[in-house]
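Structure below.
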């Protein structure tokens, strides 16, 4: 009886929390060509076109340039004079659509599977297109995301989705692109930061020894997985190893979470040994090993700029300066911003680096072109160039700045998406209650 | 052969293993313990000794060369020159040797039972056990951490093994205490003689002891440092009340009163902790002696100003392993600096004229005692002070100055015999006499075996023996030269004239070679004897002295050199100042000034700062002597005010063990050394409201501070501001996210929003009755600090800021306030404020919210970023707060989000984080806008302060430039250079053989509302264990749910 009540409660909660607003529907495919004129176009690769135009047909960009737009028959023309056009922002390493309420509603949390080694677990199938959070992120210009599993040593594999879809199949932009590995850490300051009370007769492992042991285990696992990948028809199928095959044939990347410089070094050596295409995620101390990263072509996804330094002794602005340090070190770097709902702040996290050395266009590239390159989707998105998907939006002002960002119109694969969300609706509801004219 | 030697030989026979000739002298000389029966014949001896010809240092002020010390049984009969030696005295000729008073260790747990460690099941999350009141049987007080009824005298039991370490270092007397709890009861002073407990007691009620640490108490409260302080404060009031009442019998309070006339000793840690305790001392007219952690040099002026005495440790840190530069990064700057400066602490106290005793308490290795004393001496401590701190000062502190501390007629015969000056590195302590009982540390008048020897005998070709170390602790190595050259360490044991040595060459031959021999001649030393080889073959050997041995590389013999040391910085952490910055006259020229006044935003305008205040705002200002800063193209705003912050507090920000904890005060636990004070200056923050957490419905009292980086806790408080208190509603108060309860009956009330209302109703009902009862003339109603704070609220003298999320509970609290007759000043967080803004407006309640937070838990499912805009439009005083050390330094950007979401005017948006929170805190007459006469809390921004691109280049607080981006760059360079310098020094120390420690930097704990500190604070050592327990509980919970 109790159980019934609980599940009934869960169901009711589910209805009120987990599903998107019924009145916000995914957009229809692009029917007519669109021409945007008079805009300041931020291409995403550093280039800015003043008084520019952009045209797109059936979801693909057909032209970008300065001055008057070419005549496109039967097109919807948007006059964007004085406005800014940007490539859609890309949020890698997110739990968007996997988590609805972080705490106290475990039923809405689907990002962390049990167990240590889950290369076979796929985030795509848990991606909830009806999350109420997605429209709030989308309306700040984030149009693509990489819902990513967490936890354990190997957390699972991720896909890239576009943020306007009926279901995860529709949403899939590029499937199963990466496997996610949490590199064992020996850094002090973690969980085992204060010396454990020694147990008499037991030899205490140092954090470094413990971490090394784990690294050895991972190495052994990868050796076996690599051997397995060479077998054309294994007598016993191992779905973990099946999932890992892509790492060895170049179809999947290995995203390695590592912050400590030493551990980044280990991770780079490791991936090189197995011929794996690796991405460092986090990389708080990546600025200390830029040569290594550059020489091995290993990019970094910075977790957040709006963070505190780890050490009291660090430059108080170190996290703000990290992108510039990687830029100067010749390393390819992207940015995620943390969490899911907080990723609507992704443009501001990028803008944060501008006061501390980056140019505005470099900051923009960080969350468009660079993220696309790192995710392996740069052939179709990340910049506003002919032939790519029309993933873009128009903002009244500077989209990386809170006093500028104001997304008026956004297109995903040419579809003019609905920018309404729960928050705008509640804003309107209560403005009406108080009789405010806003 | 003298009597003494007879005893020694007897002892040798008694002891099986006598490594370094530590001889026990367990025989009774003259016990006079009349109540005890004797098995066999009584053996009462006169115990009369005359120590002659020695240098008698009877006290730090008096040295008698060639003097005589007469001892009769336990007492010094005479001391001086030319004292006739009566018949019947055993004469000990101390020609060339020294006698000192036996040393006194002012702080120890010698002879105390081991304290049980706090059980873990009691704490942690998930399945928390509620222990609201004491589980101790008997008529004791409610809280187990207050145990003044504990008397060390009732549990003391001498420990021959532990006393040895102390006696070897020269101690003959110690204070011994029960090292557990906040009020720890009374201590004893005992002699270290290996005698019946009845005979060693010098003072059975030496002092009453206190600390901030609840220790093993099972009672949940207190879980935080501020809770500990509140409990102690309340105990003082309860004890006063107890004297006046007849209704309650309470042994704890009775004993608390009874022990108030004893010396009061308070164990604290760092200087801020000392100042915390000293505030309590001043509040209750107490005088504490502080047992510290030895970092007083960091705040020597403030320490001196306490007017107290101190007991200081000399457990100076070992150098860190710094070979790996990456690993060395995890060592904190203050750890590096403290390594360098800790040995200067005793000298710094001496120089400041502070009275202090030195204790060996806290040393991991007793052998470091003399090394560290010598290190302190090379770092500025005088030998005279050192001796006083180990003799007369502790004797006075502990009420035993009539018995020990000097070598004076009539005092106890507790003294040590040394080879020379006690403080010289090569000194040897030979004997430690405790109350007339001899303890031999290192045999006097025996051949010193140290030297290089050549060994002759079959199997010992080209072999030499090297003996070095000290006569009490020889070190031996064996060296074989030639084709088979090798060197190995051996072990030597000496018993009188017999020696035995063993060693292992590891190869040729492999296995242990054992030598047994005797001292065949003394000058020069020759050793002779038999050898047994690993294969069982035998041979004879002779070792002939060939010369002095090189000194061993033992670190304890080489005190750390006192080369140049770095300066003390304020605060003692990275980015501390060598000098505290001063207020200046500054003219900011030609900036865009966001006045927050009716003038609005003024372009091309100047601001003049003088004497910590804003002097003038206008065009073309000038001022002779002012430092001019060109603000062309830049923006000038009032300093950012954070209404909701948890930085700069230590020992936990939640006392969540009870639903009402209005007695706890953040003011008691301000940490002025938190780097986040500095980091937030770098984000333009000048004032922060430091709140209690949100774990309970009525939390603790809050504290408004200014970011005066480098000042003391009392100095960073916002003087004259109104008192506030934190209330909380919702999930945290209900404990919703604390994991699955193990047992419904054992949960803290409330668990629902229904229960939350009743907590308020109950608390304020009690407060009103209390107020009425106290108002009656001649009332004996017990003063209750918890209710005092609620009465202050009812009297409009303390103001509420209430953590709140959903509209139902917000509505509820407004109703409770109306019905109980109090006012709510601010709803903080208030994410659904937009739903009840009209009601808040009617109650004149301010709203301090997040700009855009939501979705992190169920109760924020309808939090919207337009909340601030809607509350502002309805007419509430609206602000944005941080509740987060990171967000706090970008509050200007958070204000900018009011432009993103809702298009608030920029002028109004900036007020969300400046003037409006100042209004909420009732300090808008002082701060929050740029207006002549207000405090010069000013930020110079590189761009529009609401923009993501704005950088705070300079931040003034009271006209003092505490943040300057250019000076910061210099500080960073200096910091790196100083770290490098100290690390070089550490490497040198290590290469000289010093023991090292692994870097185990701890990260500063960052608090937000929900931080529950309980276990970490209580037993910090058990942190790891606690984390594991938490993790295990979490996993168990996950399993259950699957």
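Protein chains in written order, with the working numbering: chain A, 56 to 493; chain B, 7 to 1048.
The C-beta atom is built at its ideal place from N, Cα and C for all residues, glycine as well.
Since the structure is predicted, the reported quantities are computational estimates derived from the model, not experimental observations.
Since residue 707 of chain B is in the beta strand (DSSP E), which residue starts that stretch and which ends it?
704-707
Cut-off 7 angstroms between Cβ atoms - residues of its own chain near residue 880 of chain B, not counting five sequence neighbours on either side:
843, 844, 847
Are the region 87-97 of chain A and the region 132-150 of chain A in contact at 8 angstroms, needing three or more beta carbon pairs?
yes
Short CB-CB distance (under 7 angstroms) between residue 367 of chain A and chain B
yes
Is the separation between the beta-carbon of residue 165 of chain B and that of residue 372 of chain B shorter than 7 angstroms?
no
Can you list, in chain order, the stretches of the beta strand (DSSP E) that have 3 or more residues and sit fully within the region 823-904 of chain B?
832-835, 852-855, 884-886
Check the DSSP bridge columns for residue 809 of chain B and list the partner residues they point to.
B/734, B/834
Counting only the same chain and skipping the five closest in sequence on each side, list residues whose C-beta sits under 6 angstroms from that of residue 969 of chain B.
687, 688, 961
Per DSSP, what kind of secondary structure is residue 542 of chain B in: helix, strand or coil?
coil
Considering Cα atoms alone, identify which of B/935, B/339, B/557 is closest to residue 604 of chain B.
B/935
Beta strand (DSSP E) segments (min. 3 residues) lying fully within the region 302-374 of chain A:
308-313, 333-337, 355-357
In three-state terms, what does DSSP make of residue 109 of chain B?
strand
What in chain A is Cβ-close to residue 743 of chain B, meaning under 8 angstroms?
158, 159
When A/345, A/220, A/307 are compared against residue 82 of chain A, the one with the closest alpha-carbon
A/220
Counted within 10 angstroms of its Cβ, other Cβ atoms place residue 909 of chain B as buried (16 or more) or exposed
exposed
Can you pull the chain A residues whose beta carbon is under 7 angstroms from the beta carbon of residue 902 of chain B, in chain order?
457, 458
Secondary structure of residue 478 of chain A, DSSP reduced to three states:
helix
Three-state secondary structure assigned by DSSP to residue 147 of chain A
strand
Residue 557 of chain B (DSSP reduced to helix, strand or coil):
coil
Using a Cβ cut-off of 8 angstroms, which residues of the region 579-598 of chain B contact any Cβ in chain A, in chain order?
579, 580, 581
How should residue 597 of chain B be labelled, buried or exposed, when 16 other C-beta atoms within 10 angstroms of its C-beta is the threshold for buried?
buried
Could you work out which residues of chain B lie near residue 493 of chain A, taking near to mean beta carbons separated by less than 9 angstroms?
872, 875, 876, 879, 908, 909
Answer with yes or no whether the minimum CB distance from residue 181 of chain A to chain B is below 7 angstroms.
no
Exposure label - residue 581 of chain B; buried when at least 16 CB within 10 Å
buried
Coil, strand or helix - residue 210 of chain B by DSSP:
coil
Using 7 angstroms as the threshold, is the C-beta distance between residue 732 of chain B and residue 708 of chain B below it?
yes
Own chain, CB closer than 6 angstroms to residue 486 of chain A, minus 5 neighbours either side, in chain order
493
At the 7 angstroms Cβ level, is residue 953 of chain B part of the contact set with chain A, yes or no?
yes
For residue 146 of chain A and chain B, any beta-carbon pair shorter than 7 angstroms?
no
Assigned exposure category for residue 950 of chain B - 16 Cβ within 10 Å defines buried:
buried
Three-way DSSP call (helix, strand, coil) for residue 509 of chain B in this model
strand
Which residues in the same chain as residue 344 of chain A place their Cβ atom closer than 7 angstroms to its Cβ, once the five residues preceding and following it in sequence are excluded?
316, 319, 320
What in chain B is Cβ-close to residue 322 of chain A, meaning under 7 angstroms?
Under the 7 angstroms cutoff, chain B gives no residues; its nearest Cβ is about 14 angstroms from residue 322 of chain A.
As a quick exercise: from B/204, B/71, B/273, pick the residue whose alpha carbon is nearest that of residue 114 of chain B.
B/273
Using only the alpha-carbon positions, how far apart do residue 377 of chain A and residue 374 of chain B sit?
45 angstroms
The beta strand (DSSP E) enclosing residue 278 of chain B, as first and last residue numbers
No beta strand (DSSP E) holds residue 278 of chain B; the alpha helix (DSSP H) holding it covers 277-289.
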